[in-house]
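Position in the sequence shown (from 1) plus 108 gives the number in this note's numbering.
All residues carry an ideal CB built from backbone N, CA and C; glycine is no exception.
Worksheet for the structure shown next.
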Amino acid sequence: MAMKKKVLVVGGGGRCHAIVDTLSRSPQVAKIWCAPGNAGIAAQAECVPLKDTDVSGLLSFAKEQGIDLTVVGPEAALSVGIVDAFRAAGLAIFGHTQAATRIESSKEFAKILMEKYGIPTADYRSFSDFQEALDYVNARPFPAVLKYDGLAAGKGVVIAANPQEAEAALRSMLLDEAFGKGRVVVEDHLTGPEFSFMAFVDGERVYPMPLSQDHKRAFEGDKGPNTGGMGAYSPLPFITDEDYEYALEKIMKPVAAGMVAEGCPFKGVLYGGLMKTPQGIKVVEFNCRFGDPETEVVLPRLKTDIYEVFSAVAEGGTSLEALEGTIDREGKVVPASELMPELEWSDEATLGFVLASRGYPGSYSKGFEISGLEDALEEPSIRIYHMGTKAESGQILTAGGRVLMVVGSGKDLREARDKALAAVRKIHCDNLFFRTDIGHWVL
Ligand code: AMP
Ligand code: GLY
109 MAMKKKVLVV GGGGRCHAIV DTLSRSPQVA KIWCAPGNAG IAAQAECVPL KDTDVSGLLS
169 FAKEQGIDLT VVGPEAALSV GIVDAFRAAG LAIFGHTQAA TRIESSKEFA KILMEKYGIP
229 TADYRSFSDF QEALDYVNAR PFPAVLKYDG LAAGKGVVIA ANPQEAEAAL RSMLLDEAFG
289 KGRVVVEDHL TGPEFSFMAF VDGERVYPMP LSQDHKRAFE GDKGPNTGGM GAYSPLPFIT
349 DEDYEYALEK IMKPVAAGMV AEGCPFKGVL YGGLMKTPQG IKVVEFNCRF GDPETEVVLP
409 RLKTDIYEVF SAVAEGGTSL EALEGTIDRE GKVVPASELM PELEWSDEAT LGFVLASRGY
469 PGSYSKGFEI SGLEDALEEP SIRIYHMGTK AESGQILTAG GRVLMVVGSG KDLREARDKA
529 LAAVRKIHCD NLFFRTDIGH WVL
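Structure below.
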């Protein structure tokens with residue numbers, strides 16, 4: 109039997125907790141480290157006090173510990189080139205190169221790519237001049253969709269209802285350079301339910317995960333400001349088999365092939381943020397990583413050993429190597445297409461509630477004690493992923509905007525929801541709120 113593996117997971121939120129939790133089910137994994145991790149992750153992995161963007165620190169750590177495989181969660185780490193650095197040092201790593209992360213870090217790059225490869229998305233124009241952008245927007249119908257062309261921590265998209273809102277947003281992005289110097293993409297406003305299509309991608313090969321849906325607004329009934337996501341569920345009854353085939357064949361596969369053709373192949377997770385519009389399915393955005401909170405409801409459904417999946421993508425070739433075969437870490441030549449195990453998913457439905465600090469996504473206080481977690485976890489179909497917590501003198505305290513995600517699973521979404529809600533009610537904290545209506549689109 110081969111030696112058991114040492115794995116490093118980079119990141120620290122709920123998404124990384126779900127990745128660590130799924131890896132901990134692998135019989136091949138000896139030990140998991142997580143940098144920086146959090147109070148929940150600490151139960152399944154040794155947390156390492158290194159920032160997720162500290163590439164040289166992480167590289168030294170991986171070498172010293174003899175890490176067999178590194179898995180990267182957050183886009184920030186990918187966009188500073190952690191994958192390029194690890195690969196140059198000959199270390200196996202799951203995640204996209206800096207060049208491939210442009211699919212997320214530059215709205216304009218993503219738009220040009222979609223245009224070139226015929227991938228359905230809203231029509232757009234991009235601007236660096238404030239007055240030109242303003243004139244263009246004012247000559248078109250509202251609402252106007254304005255997107256800063258760069259990473260803006262989820263705050264770079266403004267749906268302006270009227271000329272005043274549009275002017276304020278363009279002023280902040282182009283004149284005040286609120287997110288730094290950059291261009292603005294102005295695109296047509298689309299309508300319809302949004303959903304998330306995540307896939308493991310290795311060059312041209314796309315291995316889909318089940319679909320899920322996030323809930324971006326802070327309050328019940330999809331009201332209030334946009335957040336990182338207040339809950340999610342999987343599967344999605346409103347997406348037909350035809351919709352799914354279309355999204356896979358006309359969106360996910362062509363974008364993977366397009367990136368190969370552009371010389372920056374994917375090697376990690378591709379996240380399609382899609383919308384089912386009256387004119388068909390269209391791309392709202394692509395991300396170069398697992399979604400958060402979608403990962404927390406999708407990975408619990410994975411029955412395949414995720415270590416095999418991560419290492420197949422990390423070691424598999426790009427399209428050319430795939431034909432010729434690739435050398436695995438034991439030195440055997442294996443066709444890259446044979447490294448990837450067949451993905452098996454449970455039929456159970458999953459649904460999760462995010463518990464967030466009062467005031468989030470605006471300002472909020474931290475350091476409130478959380479109790480009742482063991483009680484909530486007594487039901488075996490419940491998982492609790494820590495998003496922003498810390499441990500201090502035996503207590504678990506709130507330490508972020510989004511604090512916990514409580515996920516239930518069941519024979520259908522209703523059962524998953526009821527179980528998760530019952531578990532949420534067992535958790536006590538003076539400063540948390542949640543949306544009770546996760547799944548309202550279908551329940
Ligand atoms: P993005 O960061 O590009 O995903 O945009 C954030 C959110 O803004 C999306 O999840 C949508 O809810 C909304 N949005 C983005 N682009 C459009 C569009 N073209 N039409 C309507 N809503 C959009
Ligand atoms: N849930 C949206 C995202 O991960 O970007």
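Worksheet item: Hey, which unbroken runs of the beta strand (DSSP E) at 3 residues or more fall wholly within the stretch 354 to 398?
Response: 375 to 385 and 388 to 395
Worksheet item: Based on the DSSP secondary-structure assignment, which residues constitute the bridge partners of W453?
Response: Here residue 453 refers to the residue found at position 345 when the sequence shown is read from its first residue. W453 is bridged to L410.
Under 6 Å: does the beta carbon of V405 sit that close to some heavy atom of ligand 1? Numbered from its first residue, the sequence shown carries residue 405 at position 297. The answer is no for V405.
Using a Cβ-Cβ cutoff of less than 6 Å, which residues in the same chain neighbour P228 once the five nearest sequence positions on both sides are dropped?
To locate residue 228, count along the sequence shown from 1; it is residue 120. Excluding positions up to five away in sequence, the list reads K390.
- heavy atom of ligand 1 below 6 Å from L298 C-beta: Against the sequence shown, residue 298 aligns to sequence position 190. Yes, ligand 1 has a heavy atom inside 6 Å of this Cβ.
Assigned secondary structure, D160 (DSSP; H/G/I helix, E/B strand, else coil):
The residue you call residue 160 lines up with position 52 of the sequence shown. D160: coil per DSSP, three-state reduction.
For the stretch 252 to 326, which segments carrying the alpha helix (DSSP H) assignment without a break, of at least 4 residues, lie completely within its bounds, in sequence order?
271 to 278
Go through its chain and collect everything with a Cβ distance to V293's Cβ below 7 Å, but skip five positions before and after it. Mapped onto the sequence shown, residue 293 falls at position 185. So the qualifying residues of the chain are K215, E216, K219, Y232, S234, K255 and D257.
Report the three-state DSSP secondary structure of A218 (helix, strand or coil). Walking along the sequence shown from the start, residue 218 turns up at place 110. Three-state result, A218: helix.
V555 to M222, Cα distance in whole Å?
In the structure as shown, the chain starts at 109 and stops at 551, and residue 555 therefore has no counterpart that could be examined.
Margin query: Whole angstroms are fine: how far does the CA of A369 sit from the CA of G311?
Written below: On the sequence shown, position 203 is the one that residue 311 refers to. On the sequence shown, position 261 is the one that residue 369 refers to. Computed Cα separation, rounded: 10 Å.
Problem - DSSP state of R543 mapped onto helix, strand, coil - result: Numbered from its first residue, the sequence shown carries residue 543 at position 435. If DSSP states are grouped into helix, strand and coil, R543 belongs with coil.
* Asked: What whole-angstrom Cβ distance do G203 and K114 have, given they're in contact under 8 Å?
  -> Sequence index remark: in the sequence shown, residue 203 carries index 95 (1-based). Sequence index remark: in the sequence shown, residue 114 carries index 6 (1-based). That belief does not hold up - the Cβ atoms of G203 and K114 are roughly 17 Å apart, past 8 Å.
Residue closest to D84, alpha-carbon to alpha-carbon, out of A207, I546 and V266: Here the chain comprises residues numbered 109 to 551, so residue 84 is not present and cannot be evaluated.
So E456 and G518 are in contact, right, with Cβ under 8 Å, and what is the actual spacing, rounded? Looking up residue 456 in the sequence shown gives position 348. Looking up residue 518 in the sequence shown gives position 410. Yes, they are in contact, since the Cβ atoms of E456 and G518 sit about 6 Å apart, within 8 Å.
* Can you list, in chain order, the stretches of the beta strand (DSSP E) that have 3 or more residues and sit fully within the stretch 450 to 498? -> 457 to 465 and 490 to 494
Determine the closest residue to E404 out of P449, L282 and F461, with distance taken between C-alpha atoms. Numbered from 1 along the sequence shown, position 296 holds the residue referred to as residue 404. Answer by Cα proximity: F461.
**Q.** CB contact flag (N334, E212, <7 Å)
**A.** Counting from 1 along the sequence shown, the entry for residue 334 is found at position 226. Counting from 1 along the sequence shown, the entry for residue 212 is found at position 104. Not closer than 7 Å, so no.
V156 and V117 - do their beta-carbons sit closer together than 7 Å? For the purposes of this step, residue 117 is identified with residue 9 of the sequence shown, where counting begins at 1. For the purposes of this step, residue 156 is identified with residue 48 of the sequence shown, where counting begins at 1. No, the pair does not count as a contact, with Cβ atoms beyond the cut-off.
**Request:** May I ask you to check if the CB of G337 is nearer than 6 Å to at least one heavy atom of ligand 1?
**Result:** Locating residue 337 in the sequence shown gives position 229, where the first residue counts as 1. Every heavy atom of ligand 1 is 6 Å or more from the Cβ of G337, so no.
query: Mind checking whether the beta-carbon of D400 lies closer than 6 Å to any heavy atom of ligand 2?
result: Here residue 400 refers to the residue found at position 292 when the sequence shown is read from its first residue. Yes, Cβ of D400 sits closer than 6 Å to a heavy atom of ligand 2.
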